[in-house]
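The structure under discussion appears below in the form of structure tokens.
2 protein chains.
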Amino acid sequence: MAEQRPPTLDAVAARAGVSRSVASRALNGAPNVSRDKREAVRRAVRELGYVPDTRARALATRRSGTASLVISGEDPSIFADPFFAQVIVGLSAALEEGDLHLMLCLAASERGRRRVEELLRSRGTDGVMPMAVREGDPLLPVFAKAEVPVVFGGLPAGSSPRWYVDVDNAGGGRQATEHLLARGRRRVAMISGPADTEVARARERGHREALALAGREPLAPERGDFTEAGGAAAMSRLLERLPDVDGVFAANDNMAAGALRALHAAGRDVPGDVSLVGFDDLDTARTCEPALTTVHQPVRALGRETARMLLTLLGGGEATPLILPTSLVVRSTS
Amino acid sequence: MAEQRPPTLDAVAARAGVSRSVASRALNGAPNVSRDKREAVRRAVRELGYVPDTRARALATRRSGTASLVISGEDPSIFADPFFAQVIVGLSAALEEGDLHLMLCLAASERGRRRVEELLRSRGTDGVMPMAVREGDPLLPVFAKAEVPVVFGGLPAGSSPRWYVDVDNAGGGRQATEHLLARGRRRVAMISGPADTEVARARERGHREALALAGREPLAPERGDFTEAGGAAAMSRLLERLPDVDGVFAANDNMAAGALRALHAAGRDVPGDVSLVGFDDLDTARTCEPALTTVHQPVRALGRETARMLLTLLGGGEATPLILPTSLVVRSTS
DNA sequence: ACTCTGCGTGGAAGCGCTCCCATATGGAAC
DNA sequence: GTTCCATATGGGAGCGCTTCCACGCAGAGT
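Note that the protein sequences, when read in sequence, are chains S and H.
Each residue of the first sequence is one higher than the one before, counting from 1 in our numbering.
Each residue of the second sequence is one higher than the one before, counting from 335 in our numbering.
Quick look at the structure:
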């Protein structure tokens, strides 16, 4: 019993009574095919239930039909941030337009990183979208050497790639801080993220800008790791160092939620004693108690635009970095 | 200026002074290669910076080197559930062992579903892992016809596939409910999920079993959509219908968090007036206030074992469904 | 009549790899 | 010295597709 192989293009051509060339052209909508042959091929395809073999096509066209989202970093749990889920939803929707499939590479270990490198060098993917890359990431040189387009989702700290999509982190940080000042807060501090992330740096920069504009000296920030627990710990340290703090800007919602918990644990009322602003506007912001004032960033759009830029490049088009706007959403913590 | 093509296996063979066959065998660790030729090939590979072309290999071996995670369902935001992120982390780690790459298919639209079907029929992936499939999902027949192994992550409601990995949802539901009864709760109700998910059904089943064992009649459950907001709404309805409810089992942590919020809004003390138990043991459970008593399920393991089962099948091995245990984690809401 | 277009067509050469199979090689066994 | 086996080797035929190119054959232009 020979293994049943699916029909090939040859079978289709034979059935339609044309050559393989014509069948191929008919399938790909090439111009030089007469009306009736095109129809004959179409019919044969239907009758045989033919579906072109992706792999063969990939070899012949030198295109794999996939784009890869690469998430680097030692700790795979950063991926658990709901932020990524939203980005992926946007990404996926946009790639669908371009009929590309999404490959997801969680490059946590040395081995994982080697696999990403191999994927690129083995022509296994048509384009790469690295996300949340930190300064000094060992994959950075790999991306630089890649022969396929690389569009960064979020500017990596300390480098300026040719193509990236980002949100206006500095602007958001400014908005958040200005809001705290406008609420009459005098001792405004920040819970920032790891110093090797551009996200943390840019939000800090905006924070300092707003303070400078108001003629204030910035207070040294505490740092968390963008997790709820990290935010809570940072808030505790902050309270110890600056017991009279009355305004806090946390660099993301997770950490803001943690800060909120720590503030409650310390007996502070929010927003009575302390005003709190987050960043992201994910679900948590809406559902924590009290609901979090935060900087909205268009997360799905970030994914969508990153993918679109990649599609443009793959289509031979030009592209330049894109910065998406943020906006303040005032809720109950300020 | 001809486009610079990467070196091929032929180039490696030529440089090493062997035939392409020997080079191929040397590369793939086949046995019949002499020590020195193997070494010569290895050296040539290094000198040329050769990396085998994935696509060519895929065509020749009839293997694409990828496995696909398919998440079906109209609403792409179900993907935002941190549950999936953890599953993916497990999945990804296991696939890495088998040197497979992960493709992620968010099949939300009709078009997305067609693409998944095409992906399968075009031999674009070596195996499929559908997750969170609901009863009557239009992709179910596609999976059934697939020529590659399909391992379900979580049993789809209303069907019994040959291969799947799931957690003991019924057992977890029983544990949760028994715990509420053991805490002396007399009016124990459930906030369940959509009736077309096996997860909701099984957790309900366990819930009813526990009540039956205790000689109690089950109360009709409220249903949410597994989101925080859905849980809050369900809790409000429950309070209206059964003002004297004193024990609630929510089918997941998101909904439990929402229920908690609704209970607070209604002026109920948790666990004073009402005991609350969730399911999942995700981050939220640890960080909400008060910390949530919940049923722990091994989410990463679910991903890991699903991928492993697929790897086993791809390796020609046998496999049977696998059920992972759950355990109760008592915190402060009960 | 002639060439000049231009479209349709199919033959055939890849794309870069794997793997079957026929052949070569060196001993060990007789 | 022959026979036989185990191990190494390279030729070559695929894998299923795209695409270049040469060719035939209309109808339009001179």
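Just so it is clear, CB atoms sit at the ideal spot from N, CA and C, and this is done for glycine as well.
Neighbours of Ala80 of chain S in chain H, taken as residues at a C-beta separation under 8 Å, are given in chain order as Pro416, Ala419, Gln420, Val423 and Asp617. For Gly518 of chain H, no alpha helix (DSSP H) run applies, since DSSP gives it neither H nor E. Of S:Phe226, S:Glu147, S:Thr333 and S:Ile88, the smallest CA-CA separation from Gln338 of chain H is found for S:Glu147. Per the DSSP secondary-structure output, Val462 of chain H pairs in a beta bridge with H:Ser402 and H:Val484.
Take Leu302 of chain S, set aside five residues on each side of it, and the residues of its chain with a beta-carbon closer than 7 Å to its own are Val87, Gly90, Gly153, Val165, Val167 and Leu324, in chain order. Asp617 of chain H: not part of any beta strand (DSSP E); member of the alpha helix (DSSP H) spanning Asp617 to Thr621, first to last residue. Contact annotation: in the segment 38 to 65 of chain S, residues whose CB is within less than 7 Å of a CB in chain H are Val51, Pro52, Asp53, Thr54, Arg55, Ala56, Ala58, Leu59 and Ser64.
Rounded to whole angstroms, Leu102 of chain S and Gly461 of chain H show a C-alpha spacing of 15 Å. Listed by position along chain S, the residues whose Cβ is nearer than 7 Å to that of Arg455 of chain H are Val51. For the 8 Å CB-CB criterion, Arg35 of chain S and Ala16 of chain S do not form a contact.
Using a Cβ-Cβ cut-off of 8 Å, Met103 of chain S counts as an interface residue toward chain H, since at least one Cβ of chain H sits closer than that to its own. Taking a C-beta cut-off of 8 Å against chain S, the contacting residues of the segment 596 to 607 of chain H are His598, listed in chain order. Taking 8 Å as the cut-off between beta carbons, the residues of the segment 113 to 146 of chain S near chain H are Arg115, Glu118, Leu119, Arg121, Ser122, Arg123 and Gly124, in sequence order. Rounded to the nearest angstrom, the gap between the Cα atoms of Leu616 of chain H and Ala229 of chain S is 13 Å.
The Cβ atoms of Arg113 of chain S and Leu139 of chain S lie closer than 8 Å to each other.
Rounded to whole angstroms, the Cβ separation of Asp415 of chain H and Asn588 of chain H is 7 Å, and the two are in contact under 8 Å.
In this structure, Val116 of chain S keeps its C-beta atom at 8 Å or more from the C-beta atom of Val150 of chain S.
Glu222 of chain S sits in a strand when the DSSP states are folded into three classes. Residue environment analysis places Ser402 of chain H among the buried positions, since at least 16 neighbouring C-beta atoms fall within 10 angstroms of its C-beta. Ranked by how close their Cα comes to the Cα of Ala250 of chain S, the residues S:Ala14, S:Arg134, S:Ser77 and S:Asn169 have S:Asn169 in first place. The three-state reading of DSSP puts Thr177 of chain S in helix, counting H, G and I together. Taking a C-beta cut-off of 9 Å against chain H, none of the residues of the segment 171 to 204 of chain S qualify. Scanning chain H for C-beta atoms nearer than 7 Å to the C-beta of Pro321 of chain S yields nothing, as the closest lies near 26 Å away. Assigned with DSSP and collapsed to three states, Thr293 of chain S falls in strand.
Of H:Thr654, H:Phe477, H:Gly649 and H:Thr627, the smallest CA-CA separation from Leu662 of chain H is found for H:Thr627. Here Gly470 of chain H is exposed: its Cβ has fewer than 16 other Cβ atoms, across all protein chains shown, within 10 Å.
At a cut-off of 8 Å between C-beta atoms, Pro410 of chain H counts as an interface residue with respect to chain S. In chain order, Thr621 make up the part of chain H whose C-beta sits under 8 Å from the C-beta of Ala257 of chain S.
If you ignore the 5 residues before and after Arg397 of chain H, its C-beta comes within less than 6 Å of the C-beta of Asp460, all in its own chain and listed in chain order. Residue contact with chain S for Ser426 of chain H: present (Cβ-Cβ distance below 8 Å to some residue of chain S). Distance between Pro386 of chain H and Thr342 of chain H, taken at the CA atoms: about 7 Å.
Per the coordinates, the alpha-carbon of Leu656 of chain H lies some 36 Å from the alpha-carbon of Cys288 of chain S. Between the segment 172 to 179 of chain S and the segment 260 to 274 of chain S, the count of Cβ pairs shorter than 8 Å is below three; the stretches do not touch. Between the beta-carbon of Arg134 of chain S and that of Pro156 of chain S there is about 7 Å, and that keeps the pair under the 8 Å contact cut. Using a CB distance below 8 Å, no part of the segment 204 to 225 of chain S faces chain H. Counting only residues of its own chain and dropping the five nearest sequence neighbours on each side, Thr667 of chain H has a CB closer than 6 Å to the CB of Val604, Pro605, Leu610, Pro624, Leu626 and Thr627.
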